Structure formats: structure tokens, C-alpha cells
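Novice: In the numbering used here, the protein residues as written are 333 to 519.
Backbone N, C-alpha and C define an ideal beta-carbon position, used for all residues, glycine too.
Since this is a predicted model, take the numbers as computed values, not measurements.
After the C-alpha cells below, expect a handful of questions from me.
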């Protein structure tokens, strides 16, 4: 009986060792089991292939918007898009309204760009009376338009045809205001 149990234990050990021993797998079989099947996402190597099927989607112009920070001491830059191929002044104004910079009903009366300078005429700029709040709105408009339209010569703001300037934002004699790179914290 002892011999029987010893033989049985030996047989069980032999079977368990055989189960734990790795088997030789050829390279082809190994690649098939470890690599996922190729999908179209892996095959796409050009923008045309990646975007095929999206032809009916609208073209969008990327826009940089400067909105007022939550603590109201400066501006924050946001990237957004217009559902047009080209920049449109009213589209940018609408984005500034949606970010809470401008008030509902603000319209671009006109936007005229000559070389690197532009005149933006709005029906209203702000009804705020606090000078700090007014400055935030003006700096937001100036930074947004000068960056998006690459206005190195500045932006002249107008409200219903009259040049709009404030003491806290430097401007030239004609009313041109320039991009403020210290927009994160305005004193």
C-alpha cells in the first residue's frame, strides 16, 4: 500500500511539473497571440485618410479669447473655435459674450483692418461703472483682437463711432491700444 501511494504521488508530481514547464512556441505563433489585429486607426498615415467621412463637418477657425479670471484681477487665455473658415468680428464678439466679458446685445457695428491696424466699432462696450471692471473688458477686447488679427499697429476701439479710451490702458493719440502681455494680473 505504501508503494502504491508513493507511485501515485510521484505520478502527480510528474504531471504537475509537466504542466508548469513552458512549451516552445515559434515566433509567428507568438506574434499572432501578443499583437492586436491592425485597425484603420493604426493604418491612417495622412490627414485625408484620418478625416475621411468628415467632409460634411463645418470648417472651424481657431480663436484665442481673453476672458476675465474668476478672481477678477486679470485675464485668462482660452482657445475656442468659430464655425467659419475665416475670422469674423461678430463671431468673436459672440464668444466674448458667452464667456461673460461683454454684455448680451453687444454688436459689432463695423470692423475695418488696414495692414497691421484695425478699428472695431461696437454698439456698446460696457455698462460697468467700476474702473477696474471697465479695464478688464477693454484689455480683453484689445488682447483678443490684436492677437487673432495680428495687429502689431494696435486696435482702435469705438463705441457708436466715437473713439473709446480709458486712462488705465495706454493708448496713442489716435486711440490705438496694444496687446498687454501682463494680462494675467492687471494692477
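Grab me the residues of residue 507's own chain with a C-beta within less than 6 Å of its C-beta, minus the 5 sequence neighbours each way, in chain order.
Specialist: Contacts found: 488, 495, 497.
Novice: Identify the continuous beta strand (DSSP E) that holds residue 405 and give its terminal residues.
Specialist: Residue 405 -> no beta strand (DSSP E), and no H or E assigned at all.
Novice: Leaving out five residues before and five after residue 445 in sequence, what residues of the same chain have Cβ atoms less than 7 Å from its Cβ?
Specialist: Excluding sequence neighbours, residue 445 sits near 481.
Novice: Say whether the segment 392 to 403 touches the segment 431 to 446, bearing in mind that this needs 3 or more beta-carbon pairs closer than 8 Å, one atom from each stretch.
Specialist: Yes, since at least three Cβ pairs between the segment 392 to 403 and the segment 431 to 446 fall closer than 8 Å, the two stretches touch.
Novice: On a CA-only basis, which of 469, 476, 459 is nearest residue 409? Give me that one, please.
Specialist: Ranking the options by Cα distance to residue 409, first place goes to 476.
Novice: Should residue 486 go down as buried or exposed, given a rule of 16 or more other Cβ atoms within 10 Å for buried?
Specialist: Counting Cβ neighbours within 10 Å, residue 486 comes out buried, since at least 16 surround it.
Novice: What is the residue span of the beta strand (DSSP E) that residue 486 lies within?
Specialist: Unbroken beta strand (DSSP E) run through residue 486: 486 to 491.
Novice: Give a yes or no on whether the C-beta atoms belonging to residue 515 and residue 406 are separated by under 8 Å.
Specialist: Yes. Within cutoff.
Novice: If you drop the 5 nearest sequence neighbours on each side, which residues of the same chain put their C-beta closer than 8 Å to that of residue 436?
Specialist: Excluding residues within five positions, the ones whose Cβ falls inside 8 Å are 429.
Novice: Under DSSP, the alpha helix (DSSP H) around residue 476 begins and ends at which residues?
Specialist: Counting along the chain, the alpha helix (DSSP H) containing residue 476 begins and ends at 463 to 480.
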